[in-house]
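K.L.:
Below is one structure. I have some questions about it.
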Amino acid sequence: QKQQVIILQGKSGSGKSLFCRHLEETIWELYADDSSISIPVYISLPKCYNELDEKQIISQALQMKQINKEIVDIIRKNISF
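Just so you know, we're using this note's numbering here: the sequence shown kicks off at 74 and counts up by one.
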């Protein structure tokens, strides 16, 4: 599967984080209709700059969104990060 990447640049306060949160919400809505698409996870990098393990970072991001721990465990077991 070909991976898609978005590079978003802009000055401080220009709305980059707001755009990313909106994009994540939009993709979650699409995921609700078609679970074959990728699961979107917005991660604020300044909040996790000391973390080295990307699995921990993604797991924490899902938990911060109040996604049930059992669902996070299923995602962790069945999906490679």
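The C-beta atom is built at its ideal place from N, Cα and C for all residues, glycine as well.
Does DSSP classify residue 144 as helix, strand or coil?
P.N.:
Here residue 144 sits in helix by DSSP.
K.L.:
Using a Cβ-Cβ cutoff of less than 6 Å, which residues in the same chain neighbour residue 134 once the five nearest sequence positions on both sides are dropped?
P.N.:
Result list for residue 134: 114 and 116, in chain order.
K.L.:
Pull up the distance between the alpha-carbon of residue 104 and that of residue 97, whole angstroms please.
P.N.:
Straight-line Cα distance between these residues: approximately 10 Å.
K.L.:
Residue 145 and residue 139 - do their beta-carbons sit closer together than 8 Å?
P.N.:
No, these two residues do not count as a Cβ contact at 8 Å.
K.L.:
What are the start and end residues of the alpha helix (DSSP H) that includes residue 132?
P.N.:
Where residue 132 is concerned, the enclosing alpha helix (DSSP H) stretches over 127-137.
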